[in-house]
Structures are given as structure tokens and as C-alpha cells.
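Asker: Here the protein sequences come in this chain order: S and Y. Counting in my numbering, the first sequence runs from 1 upward without gaps. Counting in my numbering, the second sequence runs from 94 upward without gaps. By construction, the Cβ of each residue, glycine as well, lies at the ideal position given by its N, Cα and C atoms.
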Amino acid sequence: MERLVERDRPSLEFSLDGAPATAREGDTILTAVLTLRRHLAEPRLGDGPRAGFCLMGACQECWVGVDGLPVRACGTLISAGMRVATDRRSPSG
Amino acid sequence: MADPTIAVIGAGPAGIRATEALAQHRLPVIVIDEAPKGGGQIYRQPPDAFRRSPSLRYGFEANKARALHTTIERLASAIDYRPSTLAWNVWDRQLDTLRAGKTEKVPFDFLVIATGATDRVLPVPGWTLPGVYTLGGAQIALKYQGCAIGHHTVFLGTGPLLYLVAYQYAKAGATVKAVLDVNAAAAKRRALPALAWSPSMLAKGLYYRAWLGAHGVVVEDGVTPIVIHGNGGVSELTYRRAGVETTLRCDAIGLGFGLKAETQLADLAGCRFRFDRESRQWLPERNADGESTISGVYVAGDGAGIGGADAAELWGERVGLAIAARCGRPRDTTRIATIDRQLARLAHLREGLERAFRFPSQHVSTIRADTILCRCESIRIGDAMAAIRVFDVIEMNRMKAVTRVGMGRCQGRMCSAAAAELLATESRQDVAAVGRLRAQPPVKPIPLPWSSPR
């Protein structure tokens, strides 16, 4: 994902798989992660990483763990201090 | 008679106009919408931190978007508006909903199902690589998040949205490598008389295409996608046109072949479906008032059959007026006649669009056997075909049982169009004869800790 317009929104800090990371206010979790790296979820069925697909809550490919609960990354806004886990093999993913 | 309970599912163009018509007759309405703000997918509003003007965000459609947003904001205090709420089941004239981790039952006397649509997609080898998104998803990245799906994007598939999204990307400063339409130029030329039913829409379509060409974007018709290459993400796309294979370097692909109605809730409500030849999909039956075969259950907008946003607004209002009349309010026959005339005109336009941008069903049986068909369960086309043969499968739900295609978390939203074509080819039947996947509650996954009432 490439930030194209309205790039000057205030930044915020969150954690991605335990490491500190920076996002912008108004980012979804999906945007926050995919502007930092190319994939969202670790391989689940051994056919390579995924990065979401429909961005409108239909395909169900972007579930991640947030503070221990599963959420859809495309429909959930990031907030400061959020702990995002993208490894689906973990209990919360 | 006490006022009945009316529930509207979806706050897009259809849901908002249905609600408005009902509220004008002082009928109480419960509006259930999955999004935090009204507008639907087409007029989706960005999060608060974004400040770009509607004209930049929605282009030529900015006034329509703004009108709908103002309408739902104005109505919000007069109705029971429940945003960020998922309706995940319909059973025995009540809805099951989930909001902020709490389930709630919503009994209704009348129901408007205005659930909209998603992209209709087809498998292409490599389409599960990071960087491949639906066309609608590519548009949402831009209008909802100010992002492009990549640095060098190709738009591949067919439909009016293909050109619109490519134009919006290029206008916003993204690099669009190519727009590749699977339908031939001749099909579009043949459809011109029908498309002329809406001169403004035709003009916009021609304008987008001309603008892209004038700005150096490769625009090609009659394309066959071959393979998407990449390791950990998209790096190349190979396609064929007029017998010549071309490979483009790109890091993102927006993929879409028209739209597919979101009909799961109508199915759970018990509505009877019919196969629509023109759009090649199963749709709930409806009468002139938009009522399904279940009394009191109405369907409107793209969720009842792809008609576009303008038709969705009209159908929404039409359904609202019909329910108001059922609730003892005077039937506004003048307005109803006007709406019906406009809808008839838009139906001609839709025929033209379906003809110009056909779903390329004939391509499906030529896709490489090692291509993933079902993204949720990682089932490859060859494996699904082998199972169809071994078990003599002739019907979609049987196919689901023996192959798991459609059994994953998306409930077949992303694979069923291709799966039906494959099954039809393999079992030598018409695609209408293989049937459709039955919807299952919950229509979308509900996190386990939240699944029981508390």
C-alpha cells in the first residue's frame, strides 16, 4: 500500500507482533500494517502469506488479533497502544 | 393499529432512501448497518481524521454522496439508527445482531434487505499473492484510506468500475500501469445503443477511458489473464491479447468482473431465488413493490440485483413507499409512477452494461489446474475437478461437501461464481442447473467469545 493523499495526519504508536510501529490517525489496522510491509497474515495453509483482498468485510482474509481478540483488520481503526498480532497460529489470531 | 416494527439492513443508497420514505410517513424504523457511518460501499465515508472534500473523494458523484450522508445524519435522531452493527441471521421474523460485542434479537413486522454487493472475482494463477485486491477494494483503499494498493497498479477484469477506479487512481497521483478488459471492443460497440439510455453515464465512461489514454495509460480490450508472478508479493502480470503474450512489471493488481449481490440474509429469510440470465447470478424474486416471496420482507438495491447506485436509491424509496402504504399510510401513486419510469430507463442501461461487460464464464474452464479456486481453504481447481468427477457431483452444495469449496470463512463470496462455472462445465450442465450455495448463519464470522448472548 502506498499513501497517496492526506498523508499529514497525526501519527500514533502501536505494536506489531511485539515490535514498536507507527501509524497515522484514521488508519485501519490493515493500512497501518501494509504501509509497513507487504503481507498481513502469516501462512495458514502453507500457500504463502496473505494481505487481505476485498477491504470491505466480505472475504474474511484479514482477521488479526488485537489485544487478544480477533478483529477484521480492514474494518477496525488503529489506536495508540494497540497490540496487533498477525500470526494466525497464535491463540488470538 | 399500533405502528409495526420496520427494520432496514444496510445504510447505503437503498437503505437510506427506504428509511427516508418511511420516516416521512412518521413510521418508526430501525436501521442496522455494519459501517460506522452511512453511505454504503459506493459512498463510503472516511474516518474522522480525513478532511479531503467530497468532490475530491467522490468525483462526479460528490453531490449524490453528500445528499445521502446529510439525509442519514438528519434522520439519525428521528429513527433507531444502529451503525457498526452486524445483522448475522434472520429467523422467524427476527434478526440476530451483533454490536460492540453484544448480541441482540430484533423482531420485525417488515424488513428491508439492502445489503449491497461485493466484487465478482475469478481465479487467476497467483491471485492470492499480497498486492492483488478486488477492484472495489482498490477503490476503498483510496476513498476510505487515501492509499493506493501499490506503487505500480494494473486494473484487470471488466465492468464500468475498471475504468472509473483506474481514473481515480491516476487523478490522485498513483501510477497506473495498465487497464486490461477481458471483453472485446466489439462487445462495447454493440452495446452503445443501450448505453445511450443514460447519456451522462455513457459520457462519463468514454471520458474516463479517453482521459486514461491521453495520460499514457495502456488500455486494452479482449485480454486473457495468464499468470500473476511474485515471491511474497506481486511482481509481474502476464496476459495474452490477439495471440501475443505480454508481461508487465507491477506490484499491485485490482481485479474485478462486475458485482455480485450480497443475498445471504434474503436466503436465510426464506426468500425464493431465481437465476438471472443477464447477470448470471441467483437473485431473490421480487414483485413491483420490491417485496420478496416472504410477506413483509422486501429487497432493494444491489443486494436484490445489480443495478447501480442510482437505481438503488430509487428502489429504496420505492420499497419505503410500498411499506408505508401497507402500514395504512396513503399510497403515493404519483411518485411511485415516476420512480417506476426512471427504474425502467435504468434497466435498459443495465442491459447495455451487462452486454458490454460480460462475465467471462468461458474463461473459467481454461484456468490452469494448479490455480487456487477457494482462497479460504486453499483448494486448487484441479483438486476440485477431480472430486467432482470421483463423486459424480452435479450440484453446488454437494460440491461444497466433497471439496470444501465455499465452506470457508467467506461462505463462497469469493469463489462461488467460478465454482459454479467449473461444476457446470465438468458436469455438462447449464450453470443455472448446478444451483447455488445455501447461506448459513452467521453470515459472517462472529468471534467465539461473543457468540453467546450475555
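Between residue 545(Y) and chain S, is any beta-carbon pair separated by less than 8 angstroms?
Answerer: Any reading at residue 545(Y) needs caution, since the residue's pLDDT is 48, under 50, leaving its predicted position unreliable; the model's value is listed next. Cβ-Cβ to chain S under 8 angstroms: no for residue 545(Y).
Asker: Does the beta-carbon of residue 36(S) have 16 or more other beta-carbons within 10 angstroms, so that it is buried, or is it exposed?
Answerer: By the 10 Å Cβ count, residue 36(S) comes out exposed.
Asker: Mapping the DSSP letters down to three states, classify residue 40(S) as helix, strand or coil.
Answerer: Coil, per DSSP.
Asker: Quick check on this structure: which residue in 154(Y), 374(Y), 341(Y) has the alpha carbon closest to the alpha carbon of residue 356(Y)?
Answerer: Considering only alpha carbons, the answer is 374(Y).
Asker: Give the secondary structure of residue 488(Y) by DSSP, where H, G and I count as helix, E and B as strand, and everything else as coil.
Answerer: Reduced to three states, the DSSP call for residue 488(Y) is coil.
Asker: Classify residue 457(Y) as helix, strand or coil using the three-state DSSP reduction.
Answerer: Correct three-state label for residue 457(Y): helix.
Asker: Determine the chain Y residues that contact residue 56(S) at a beta-carbon separation under 7 angstroms, and present them in chain order.
Answerer: Chain Y residues near residue 56(S): 134, 211, 229, 230, 233.
Asker: Could you pull out every unbroken alpha helix (DSSP H) segment of at least 4 residues lying fully inside the stretch 233-321 of chain Y, listed in chain order?
Answerer: Counting only runs of 4 or more, we get 253-264, 278-288, 292-307.
Asker: In three-state terms, what does DSSP make of residue 197(Y)?
Answerer: It is a strand residue.
Asker: Is it buried or exposed, residue 67(S), if we count other Cβ atoms within 10 angstroms and call 16 or more buried?
Answerer: When all chains shown are included, residue 67(S) counts as exposed.
Asker: Contact criterion: CB-CB distance below 8 angstroms. Does residue 127(Y) meet it with respect to chain S?
Answerer: True, the Cβ-Cβ gap to chain S drops below 8 angstroms.
Asker: Report the neighbours of residue 62(S) on chain Y: residues whose CB is nearer than 7 angstroms to its CB, in chain order.
Answerer: Result: empty, since nearest Cβ-Cβ is about 10 angstroms, beyond 7 angstroms.
Asker: Buried or exposed: which applies to residue 361(Y), given that a residue is buried once 16 or more other Cβ atoms fall within 10 Å of its Cβ?
Answerer: So residue 361(Y) counts as buried.
Asker: By DSSP, does residue 157(Y) sit in helix, in strand, or in coil?
Answerer: Residue 157(Y): helix per DSSP, three-state reduction.
Asker: Would you kindly work out how many angstroms separate the C-alpha atoms of residue 530(Y) and residue 376(Y), rounded to a whole number?
Answerer: Residue 530(Y) and residue 376(Y): Cα-Cα distance of roughly 12 angstroms.
Asker: Identify, in the order they occur along the chain, each residue of the same chain with its Cβ nearer than 6 angstroms to the Cβ of residue 386(Y), setting aside the five sequence neighbours on each side.
Answerer: 364, 365, 378.
Asker: Which word fits residue 400(Y), buried or exposed, when buried means at least 16 other C-beta atoms lie within 10 angstroms of its C-beta?
Answerer: Per the 10 Å Cβ criterion, buried.
Asker: Which partner residues does residue 33(S) have in the DSSP bridge list?
Answerer: Answer is none; residue 33(S) lacks a bridge partner.
Asker: Which residue's Cα is closest to the Cα of residue 337(Y): 328(Y), 317(Y), 351(Y), 348(Y)?
Answerer: The residue with the shortest Cα to Cα distance from residue 337(Y) is 317(Y).
Asker: Decide if residue 91(S) is buried, meaning its Cβ has at least 16 other Cβ atoms within 10 Å, or exposed.
Answerer: With a pLDDT of 42 at residue 91(S), under the threshold of 50, the predicted position of this residue should be treated as unreliable, and no value is reported.
Asker: Ignore the nearest five residues each way along the sequence and tell me which others in residue 61(S)'s own chain have a CB closer than 6 angstroms to its CB.
Answerer: Answer for residue 61(S): 50, 52, 53, listed in chain order.
Asker: Taking CB distances under 8 angstroms as the criterion, tell me whether residue 372(Y) reaches chain S.
Answerer: Cβ-Cβ to chain S under 8 angstroms: no for residue 372(Y).
Asker: The beta strand (DSSP E) spanning residue 527(Y) covers which residue range?
Answerer: From DSSP, residue 527(Y) is part of no beta strand (DSSP E); its letter is neither H nor E.
Asker: With distances taken from CA atoms, which of 502(Y), 195(Y), 278(Y), 116(Y) is nearest residue 167(Y)?
Answerer: It is 116(Y) whose Cα lies nearest to the Cα of residue 167(Y).
Asker: Given a cut-off of 8 angstroms on the beta-carbon distance, is the pair residue 349(Y) and residue 227(Y) in contact?
Answerer: Closer than 8 angstroms, so yes.
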